[in-house]
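To start, the structure itself, in structure tokens.
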């Protein structure tokens, strides 16, 4: 199960099951977005925290930039 928070007090459930999850500002709006992989390696991301968008292809890992301020 996936939960997210914007205030560290209230946690909101986000439907879906991912084995790996990263955050980043994927659409340039200065808010954190989510991307993740299923156990089969399918790739999904969301920029609105409601709808998962599937990206064709398979991956076995995700990486982010620890020096990126977004």
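Numbering (our numbering), first residue to last: 1 to 70. Glycine residues also receive a C-beta, built at the ideal position from the N, C-alpha and C atoms. What you are looking at is a predicted structure, and each value in this text was computed from that prediction instead of being measured.
Residue 54 sits in a strand when the DSSP states are folded into three classes. Within the same chain, and ignoring the five residues on either side of residue 55 in sequence, the residues whose Cβ sits closer than 6 Å to its Cβ are 43.
Going by beta carbons, residue 59 and residue 36 fall outside the 8 Å limit. Between residue 18 and residue 38, the C-beta gap is smaller than 8 Å, which places the two residues in contact. Closest option to residue 25, judged by alpha-carbon separation, among 10, 46 and 8: 46. For residue 41, no beta strand (DSSP E) encloses it, and the DSSP letter there is neither H nor E.
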